[in-house]
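Residue numbers (my numbering), protein chains in the order written: chain A, 51 to 409; chain B, 297 to 693; chain C, 459 to 742; chain D, 12 to 306. To keep things clear, I will list the structure first and then write my remarks on it.
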Amino acid sequence: MLAWIKKKWNYFAIAALLIFLILIPFDWFLSRYTSLMIIIGISTMVTAGLCLLMGYTGQVSLGQAAFYGLGAYFSAVLSKTYSLNPWLAMLIAALATGAFAYAVGYPIFKLRGNYLAMATLGIGLIMWILFNQLSQYTGGPDGMSGIPYLSIGGFTFDTNFKRYYLVWCFCLAILFLSQNIVRSRTGRALRAIHGNEAAAESIGINVNQFKLKIFVLSSVYASLAGSLFAHHLRHVSPQPFDFLASIKLVVMAVIGGLASIWGAIFGAGTTRFLSDEVLLGFNKYPQLDIIIYGLILMLVMIFMPEGLFIAIKSFTFWLKVNWRELPSIMKRKRKELPNQMKHIFRQLLLMRLWRKTEP
Amino acid sequence: MQKYLKFSLVFILAIALVAVGTISCGGGAQEEKEAYKIGALFSTTGSQSNLGVPEENTVEMLVEKINADGGINGHDLEVIIYNDETDSTKCATLANKLIEQDQVLAIIGPTGTGNSMAIIDAITTAEIPLVSCAAGASIVTPVDERYWIFKTPQTDKQVVIEIYIYLQSINISKVAIITSTSGFGQGGKTYLESEAATYGITIVDNQTFGSDDTSMISQLTHIKGTDAEAVICWDTDKASAVVAKDMQTLQMTIPLYCSHGIANQAFIDAAGDAANGVIFPAGKLLVVDEIPASDPQKEVLTNYRDEYLAAYPNESISTFGGHAYDALYLVVDALENMEEDLTLAESRAAIRDGLEQITDFVGISGIFTMSPEDHLGMQPGSLALIEIVDGAWTLAQ
Amino acid sequence: MSQPILETKNLSKAFGGLIAVDKVDLKIDTGRITAIIGPNGAGKTTLFNLIAGVYQQTSGEILFNGKSLKHFPWYARAIKPGSNKKIFKDKLQRHVSAHMRASLGIARTFQHIHLFGNMTVLENIMTGQHTRSKYGFFGAALRLPKARQEEELINLNAMKYLNMVGLGKYANQNALSLPLGQQKLLAIARALATEPKLILLDEPGAGLNALEKRELSDLIKRIREMGITAVLVEHDMPLVMGVAEWIIVLDSGKKIAEGTAAQVQKDRKVIAAYLGEEVDSAEG
Amino acid sequence: MSADQFVQYLMSGLTQGSIYALIGLGFTIIYAVTRIINFAQGEFVMLGGMLSYVLAVKEGLSMPLAIIIAVLAAAAVGTVMYLLAIRTARRASVISLIIITIGAAIFIRGIAGNRFGVNTVSPPDFTGSGSISFLGAYIEPQALWIIGITFVVTILLYLFLSHTMVGKALRACAINPGAASLVGINTKAMSLIAFAIAAAIGGIGGVVIAPLAMASYNMGVMLGLKGFVAASIGGFMSPITTVIGGVVLGVVESLAVGLDWGPFTSAYKDVIALVVLLLILLIRSGKLAAAERAG
């Protein structure tokens with residue numbers, strides 16, 4: 051029995067996940083988090099694209115918010131100003147954003163590493179300024195409101211309760227598609243590029259083409275998320291798509307553990323939950339919340355650069371392996387602790403010497 | 297895949313625990329009369345923090361005062377203040393949090409127009425009154441779509457008209473406008489352009505700058521090349537001060553008119569002697585000592601200024617705090633006229649109706665008379681034209 | 459004898475001033491294990507990189523199965539051959555890029571092994587099958603039946619190549635967890651997985667112990683039996699003499715001799731070239 | 012535009028350019044030695060500005076003393092940041108290093124906002140306000156200070172890098188860290204020095220900019236980005252190229268305002284600057300890619 055459960059574990063996990071997600075917006079459960087979960091779902095969609103691009107293909111993008119914003123603005127303008135059917139608008143937005151990403155990415159992906167980061171950052175900033183400046187279309191810095199709700203037939207998504215399910219349907223769909231891509235020929239090609247571009251070329255992988263394709267895919271994810279965002283708030287302004295937004299997206303991806311699609315939920319979830327729930331307790335003292343936010347960013351990146359998600363994973367794995375020895379280990383560690391402290395202290399003191407002796 | 301799933305599951309259970317925890321903590325001890333809960337959203341960090349901080353200070357100060365005076369009809373007043381970091385996405389989730397989680401009766405704020413617009417939908421669907429502290433006129437118009445929304449600061453349009461009328465009176469007709477790309481600046485720009493014709497003003501040059509730009513010399517040089525008789529600058533203190541200083545540098549003799557965004561000491565400190573001669577319309581708070589005792593606002597203004605400076609000695613007085621003052625007291629006013637033990641929904645509706653019936657409420661920014669057609673309700677004559685002379689505010693003639 | 463699988467006509471490559479490969483004419487006959495030897499800096503690896511398309515020659519031609527490894531991009535095809543714009547058209551001529559050459563059937567291994575460290579042993583080889591499968595993003599995302607079939611096929615082939623180099627039992631280990639010798643075998647298996655006609659082995663013997671070298675040499679022989687032409691650059695003389703049926707000697711970018719092991723060993727120039735700098739070749 | 016207007020645009024472009032260059036220098040040094048893009052550079056500038064105000068006006072120290080302390084403080088913060096945040100992050104990827112520096116930036120900004128408050132402040136000019144006439148154009152004394160100090164700093168930096176042992180070691184690390192450590196250069200120490208110098212230069216920048224352009228706890232964001240763009244235009248190569256990059260950026264922005272034709276208006280000056288950046292990146296993409304492979 052137990053063995054059987056173990057074997058079918060991931061089905062149980064999926065089932066549990068789905069049931070949990072389905073129950074959240076009910077009053078007797080966690081309805082208080084409905085709106086937060088909507089934003090988390092939307093962020094997850096963008097993050098998933100970023101995971102494909104950064105985690106699997108190893109290409110940096112510091113301008114992802116630009117595509118997120120493009121999606122939002124295309125949807126907003128088309129469905130409000132030109133009163134198109136929102137779904138059609140969403141589709142056009144996705145296509146247009148994808149085309150834009152292709153046009154931009156074609157030259158940019160000749161660059162690598164830091165320079166790619168700079169270029170994408172530049173794109174992000176340019177788009178943000180344009181959102182601000184083209185006020186005859188975008189409504190300028192204060193943005194535009196009165197964007198229509200999405201609706202199917204007579205059924206309008208006019209409450210958080212309804213929108214919650216809409217967003218999470220999109221979100222899970224994207225996660226599953228991405229999961230499939232990752233575990234396929236394409237996914238292997240992407241990881242090959244991450245692993246070693248020369249070798250990838252040598253076995254017939256068209257490196258540049260794949261980089262471009264995945265960039266376009268991630269931008270389309272972002273665009274869809276943006277459209278949902280626009281129809282959720284019914285108001286778009288440039289501010290959620292600025293430089294800091296791009297960075298926050300990267301942070302979500304990294305915390306989720308770059309090379310894991312399901313980590314995207316975790317990353318988006320923790321980051322949003324942190325900033326919108328936990329840190330609120332600290333805003334009695336001026337600026338304390340962003341101080342803590344900065345600290346957390348640094349600590350996570352320093353001590354678990356492979357991402358919080360992976361770190362927890364490996365730790366629990368370690369526990370599973372030697373939980374029996376845990377007490378003895380604890381005892382030993384406690385014994386060793388003073389020596390270790392002394393050691394560290396010495397290192398800090400004699401840093402010069404220490405550095406010299408280092409290999 | 298399965299381990300990832302496993303751990304997203306772990307994470308979710310974690311949330312569930314936290315949630316359940318907060319639920320259990322939720323039900324606190326009940327007093328005989330439970331406190332009135334109000335929510336507030338201010339941008340105490342981020343680009344608008346210099347507006348948000350005085351607002352937050354004011355509200356905290358007033359809540360203490362009100363509760364010290366025995367609360368509202370025996371109810372204590374509790375204001376839950378969240379910092380939206382000038383981030384409209386966060387602002388939207390926080391608004392929902394106030395509505396669904398903290399179950400507040402009404403919300404005051406947000407600080408910025410963009411953030412206010414971002415939460416209007418949530419507010420309207422949740423049917424809870426909002427008193428915004430942001431300038432944008434679109435927050436309360438069209439009023440039939442803004443059934444639940446009120447606001448306290450005078451609109452940019454009113455300020456623009458104030459300036460234009462003055463320019464007319466000293467028959468200046470050619471002006472150059474220089475506005476920031478921020479929401480505040482663009483709002484001003486819109487009305488400067490749209491109202492100009494009505495008052496026989498022609499805009500001969502139209503420049504913009506980023507609020508964080510370190511120099512406006514280039515834009516002003518461009519203006520200098522035109523035959524403008526005056527410059528109208530529209531942004532908050534920092535950039536406006538740069539404009540004033542750069543005009544001095546370029547030895548431009550034409551007068552500079554600014555928005556109410558410079559209505560705090562920081563502008564004078566920053567611009568130094570370049571600030572002298574700058575004229576701008578703003579609430580009477582800044583020149584409270586000069587306004588005649590006959591003015592109905594005099595007493596309110598004086599008290600507020602003295603209390604604020606007493607409570608925050610190293611802060612300086614600013615009209616933005618005044619917007620929060622008005623917002624809070626409008627809600628308190630509505631609460632006082634609300635009868636006891638209504639359900640949450642009922643009391644929210646009651647407060648909204650109360651707000652709409654408020655007449656001749658004497659506040660910091662002006663005197664308010666709300667009506668179903670007007671959710672700002674600020675009466676004319678609320679603005680004063682202020683000139684900076686020797687680094688001090690004086691009433692302009 | 460049939461036409462050579464690979465032929466170079468006065469192939470040259472210059473890096474700035476220094477000429478790494480100098481007017482080399484080669485004929486690699488189909489199905490014959492050929493070794494390219496020569497002292498350090500003779501331009502062996504550069505030659506490989508030219509053939510594999512990592513570098514592009516400064517002058518000369520490479521023919522694979524008698525076809526030139528240059529092509530006209532779509533925008534040049536419009537111009538009729540023999541028209542007066544011909545010179546202009548030649549300017550537009552492009553080299554076939556590395557990944558295209560791989561799908562044409564030129565596989566290669568690297569001196570520094572270049573495995574995909576972020577994958578398991580099996581996945582490394584499955585990746586090798588890339589050019590031999592078609593389905594793309596949509597097939598993958600939607601798990602179309604065609605995609606599933608191809609995946610199964612890829613899996614089978616991969617296991618086949620894996621067992622061929624005797625790494626079957628390590629299939630699910632991380633590629634870099636293997637010892638060096640097995641990593642080299644894995645790299646060869648990955649190259650074979652592209653189902654090439656010609657495989658270029660860059661110093662396969664370097665850093666292997668005697669036993670592993672023996673394994674290597676009969677692996678190379680088995681590759682020949684599969685009908686794949688193997689070309690290796692190698693410093694290890696015993697290995698070369700043992701396995702190669704034809705040996706080409708390069709020195710400072712020029713071809714100085716070619717022939718069977720026996721012929722080459724007698725050749726004056728060769729001896730001179732090696733005696734010239736034993737030291738280097740010893741450490742190479 | 013008329014002749015003296017043109018001169019005026021050039022002058023203000025030059026002033027702005029020097030500011031950007033001064034900030035860009037910090038990016039360049041750190042990037043060259045450690046291959047890290049330090050997004051906290053703008054915060055060093057902010058620290059310089061705010062501290063010089065707090066010390067000179069609030070604490071009533073003499074201006075020169077306040078300036079020196081402010082710069083030293085900034086340098087100290089840079090050093091500590093390297094030791095605690097960068098050094099401890101072993102074998103971190105490009106992206107996690109970027110995030111660490113951003114985390115540090117937010118952290119420093121928060122502390123500053125907490126300590127100094129959120130209001131805009133402006134320290135006194137070094138040598139009085141007013142303006143100097145020059146070829147029909149006007150310029151503040153402070154602007155001259157900025158241009159002059161940028162010039163001096165660049166020259167000193169150049170001399171330091173080319174004529175001192177440490178400087179040469181730094182350059183060796185910049186060119187090829189691996190080889191540098193092989194010949195016994197302590198690359199870690201060099202990184203430390205790079206951070207200290209960059210932070211100090213940032214501090215100097217803040218000190219000279221503040222009287223002209225005010226200081227506030229969140230000024231670092233925009234200035235940092237501008238400095239970053241300047242450094243990228245300069246290609247993160249040498250102090251000289253960075254200064255050129257900065258001046259190009261400043262002049263382009265300024266002339267865009269002056270030109271006032273089609274997209275070349277004050278509204279789009281930042282876009283124009285960024286497009287310049289992208290073009291330069293793409294033109295040099297081949298070389299840059301090679302550099303990345305080497306580095």
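Glycine included, each C-beta is placed from N, C-alpha and C at the ideal position.
Which term fits residue i, buried or exposed, when burial requires 16 or more other beta carbons within 10 angstroms of its beta carbon?
i	result
D656/B	exposed
V163/D	exposed
Please name the residue in the options whose C-alpha comes closest to that of residue i.
i	options	result
Y462/B	I575/B, H619/B, G342/B	I575/B
K485/B	N467/B, I457/B, S465/B	I457/B
K528/C	I495/C, L562/C, G496/C	L562/C
S227/D	H556/B, L516/B, S507/B	S507/B
Q503/B	E489/B, Y495/B, V658/B, T494/B	E489/B
V658/B	E635/B, D649/B, Q515/B, G677/B	G677/B
K494/C	L733/C, E703/C, K604/C	Per the sequence presented here, residue 494/C reads as Ile, with Lys not at that position. The option with the nearest alpha carbon to I494/C is E703/C.
I283/D	A51/D, S63/D, L170/D, A241/D	A241/D
A280/A	V217/A, K381/A, I64/A	V217/A
V258/D	A85/D, F239/D, G121/D	F239/D
Quick one: Cα of residue i to Cα of residue j, how far?
i	j	result
Y460/B	L203/D	58 Å
L128/A	D417/B	19 Å
T354/B	E70/D	28 Å
C219/A	A414/B	24 Å
T545/B	T45/D	41 Å
A81/D	M57/D	10 Å
A388/B	L376/A	45 Å
K361/B	D602/B	13 Å
A524/B	I550/B	8 Å
N60/A	G618/B	57 Å
S277/D	P288/A	19 Å
A205/D	F137/D	28 Å
D686/B	N572/B	6 Å
A250/A	A239/A	7 Å
M699/C	A719/C	6 Å
Given residue i, which residues of its chain have a CB within under 6 Å of its CB, disregarding the five upstream and five downstream residues?
i	result
T206/A	Y199
D292/A	W178
A183/D	A191, I196
Give every residue of the same chain whose Cβ lies closer than 8 Å to the Cβ of residue i, excluding the five residues on either side of it in the sequence, and list them in chain order.
i	result
T498/B	S469, K470, V471, A492
A472/C	A478, T516
V500/B	K470, V471, A472, T522, D523, A524
Note down, in chain order, each residue of its chain lying with its Cβ closer than 7 Å to the Cβ of residue i, except the 5 sequence neighbours on either side.
i	result
A688/C	I491, I657, L659, I678, I681, R682
Pull out every residue of the stretch 397–421 of chain B whose Cβ sits closer than 7 Å to any Cβ of chain A, in chain order. Q397, T409, G410, M413, A414, I416, D417, T421
Name, going along the chain, the residues of the stretch 588–622 of chain C whose beta-carbon falls closer than 8 Å to a beta-carbon of chain A. H588, T589, S591, Y593, G594, F595, G597, A598, A599, L600, R601, A605, E608, E609, I612
Quick one: which residues of the stretch 577–588 of chain C get their C-beta closer than 7 Å to a C-beta of chain A? List them in chain order. M577, E581, M584, T585, G586, H588
Please identify, using Cβ separations under 8 Å, the residues of the stretch 632–656 of chain C that lie next to chain A, in order along the chain. R648, A649, A651, T652
Of the residues that make up the stretch 564–577 of chain B, which ones have a beta carbon closer than 9 Å to any beta carbon in chain D? D565, A566, A567, G568, D569, A570
Residues within the stretch 655–682 of chain B neighbouring chain A, beta-carbon criterion of under 8 Å: none
May I ask you to list, following chain order, the residues of the stretch 101–124 of chain A that have a beta carbon less than 9 Å from some beta carbon of chain B? none
At a CB distance below 9 Å, what residues from the stretch 481–501 of chain B approach chain A? Give them in sequence order. G481, Q482, G483, K485, T486
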